[in-house]
Structures are given as C-alpha cells and as structure tokens.
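Written out below as structure tokens is the structure these notes cover.
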Amino acid sequence: MKPHMFEPDAIEGGTGSRGGQDGAAALARYEKRQQARFLSREKRKKQYRLIGWLLVAIAVLWGMGTLVWSGYGTLKTAASREMAIMRLKDAIEDRDVAALQAMLRVTEETVPINEKTLAPLFAYVERHPEAYEQLDREFARQRKSGHVYIKGLTSRPPVFTIHVFENRYVFEPALYFLHVRVDDPEASLVVNGVKTEEEATKDPFVKKIGPYLPGAYAVTIVHSNGKKKTARVELFGGARVHEVDITK
133 MKPHMFEPDA IEGGTGSRGG QDGAAALARY EKRQQARFLS REKRKKQYRL
183 IGWLLVAIAV LWGMGTLVWS GYGTLKTAAS REMAIMRLKD AIEDRDVAAL
233 QAMLRVTEET VPINEKTLAP LFAYVERHPE AYEQLDREFA RQRKSGHVYI
283 KGLTSRPPVF TIHVFENRYV FEPALYFLHV RVDDPEASLV VNGVKTEEEA
333 TKDPFVKKIG PYLPGAYAVT IVHSNGKKKT ARVELFGGAR VHEVDITK
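The sequence shown stops at residue 380 when you use my numbering, and every number in between is there.
What follows is the structure in structure tokens.
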C-alpha cells in the first residue's frame, strides 16, 4: 500500500473561505465515517440474531432426533466460527483491549498485544470503517478455500487468519515490516512517537523496521540537526513488507 504525506483531519478550518471549505469537507468526512460505523453495527446485530435463531433451530432439531452427529457438528462449528468473527469486530470497534488479548494469538515475542500496540489498529478502523467489510471478505475466502497460511511463506496474508487453538477460535494478525528509504543513513527513525531499532539492508539508504500489527503508523525521520519529516503508512492487508520512501 503506497504511503503518503498527510495532515490530520480537523473539524475547524483556517480563516476565510478556504478555512470554511476545509471545515465543511472535514465535517463531511466525519459524518461519512459515522454513518459507515452505524451501518456496520446494524449489520452485526442482524448477524447476531441470525446465529441466535440458527442455534435455537439446531437445538430443536437435535431434540427431535432429525439431525445426525455430523450434520449437527458442522452447523455448530459454522455458528461458533461466525460468532467468534463478530466478537472480534465488536472488540475492535469498542477498543476492548482485554477481549482482544484473549482472541489474538501472536507467536512473535517482540510484538505484545496491549493498549499501546493496538492503538494503530484502532486509529485505522476509526478512519476506515469499511475495514470491517474487508475483514468479512477475507474470512469468507478463508472459509471457502480452506487454505492454510504458513507464516513466513505467504507474502500477502489476510489481516487476521482464523484457526482453532486449544478447542477455540483465535485470530493471528499479520505482522508487517517496513523498508524505509532515507536520505541520511545516520538519521534515526521514530514510529508513532517511539524511536525504533533498525536493521541494516544491502542498501545503506534503506532501513528495515518491524514487525508491526495492522494499523496506521506515522514514520518520522529525525536528522542529527533536528530536522524531521513524517510519512503516514497504513498496514492493513497487502504485502508483508511495505516500501516507504521518506525522501520525497
């Protein structure tokens, strides 16, 4: 996903007609995001009701003896899977760190699941409510294909890979790396306000940093003279390794 320079949205614009136009545009974007979040919540409510009726139907039919074990198990597994997916989306929207800590499984020890590391994810879905629809499409593809994504071998993994771990559904988030092109090999990099450790590459003007959970990140280059330049990078799908040119 191509990084780009950015200015934060603001409800209030500057002075004069340009400021009024900027404020109106920002307000329109805000209202559009609010409407998208509302529609997403309503969709999940309908899904919850549908799964609830499905579980009731399963119980009734099983009590009547009209389902065989295999059919019962298939329906129950499908309902449990969809319920887990909806709980994941609810936890992200509600910024429920504790719930996400229970649902997310990361094998990389350098990436803990906590309020700080989840903040970029919350920021991304705040700006892009349509992200939930992207997750739905990815989960549907995983269900249909039954493909197993092997860490390190899949160059474009789903944002979240769903699988069974200790008899329950868990989600493994994609971990992303950044190859940042700089104009000064001695400059340091700061990501979301935190100075980061860099890994050298064959090109002295390209630094590798990561891994990072899905989300929105601000990558800042800090020169020895104090000069700074920031680029915004959104990591939500696509390749595991994203190229960032901060020299432009």
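Think of the CB as a built atom: it goes at the ideal place given N, C-alpha and C, for glycine as much as any other residue.
Three-state secondary structure assigned by DSSP to residue i
i: ILE353; result: strand
i: ARG372; result: coil
i: ARG300; result: strand
i: GLU214; result: helix
i: ARG74; result: The question about residue 74 has no answer, for the chain in this structure spans 133 to 380.
i: LYS221; result: helix
i: GLY347; result: strand
i: PRO305; result: strand
Selected residue, minimal CA-CA separation from residue i, among the options
i: ARG254; options: GLU240, LYS221 and ARG364; result: It is worth fixing the name first, because residue 254 is Phe in this sequence and not Arg. Checked all of GLU240, LYS221 and ARG364; the closest Cα to PHE254 is LYS221.
i: ARG350; options: ILE217, SER277, PRO252 and ASP335; result: What sits at residue 350 in the sequence shown is Ala, not Arg. Ranking ILE217, SER277, PRO252 and ASP335 by Cα distance to ALA350 puts PRO252 first.
i: TYR267; options: GLU214, THR239 and VAL296; result: It is Leu, not Tyr, that sits at residue 267 in the sequence shown. Ranking GLU214, THR239 and VAL296 by Cα distance to LEU267 puts GLU214 first.
i: LYS334; options: HIS311, LEU345 and PRO290; result: HIS311
i: ARG313; options: LYS340, LYS276, VAL326 and GLU329; result: LYS340
i: ARG237; options: MET218, GLU225 and LEU307; result: LEU307
i: GLY347; options: PHE271, ARG219 and GLU247; result: GLU247
i: GLU318; options: PHE309, TYR344 and ALA332; result: ALA332
i: ASP226; options: SER320, GLY325 and PRO261; result: PRO261
i: GLU265; options: ILE245, THR239, PHE292 and GLU241; result: PHE292
i: ALA230; options: VAL323, GLY358 and LEU250; result: LEU250
i: VAL338; options: PRO290, ARG372 and SER320; result: SER320
i: THR239; options: SER356, PHE303 and GLY369; result: PHE303
Start and end residues, beta strand (DSSP E) containing residue i
i: ILE378; result: That residue, ILE378, is in no beta strand (DSSP E); it is neither H nor E in DSSP.
i: LYS340; result: 338-344
i: VAL365; result: 360-367
i: LEU321; result: 320-323
Chain-order list of residues whose beta-carbon lies under 8 Å from that of residue i (same chain, five-residue window excluded)
i: THR198; result: Below a pLDDT of 50, predicted positions are generally treated as unreliable, and THR198, at 48, falls in that range; no measurement from the model is reported.
i: VAL376; result: PRO135, LEU310, HIS311, VAL312, ARG313, VAL351, ALA363 and VAL365
i: SER202; result: Per-residue confidence for SER202 stands at a pLDDT of 46, beneath the threshold of 50, marking its modelled position as unreliable; the derived number appears in the next sentence. Excluding sequence neighbours, SER202 sits near nothing in its chain.
Residues near residue i by beta carbon distance below 7 Å, same chain, minus five either side
i: THR379; result: ARG313, VAL314 and ASP315
Pick out the complete alpha helix (DSSP H) segments inside the segment 223-278, 4 residues or longer, and give them in chain order.
229-235, 247-259 and 263-277
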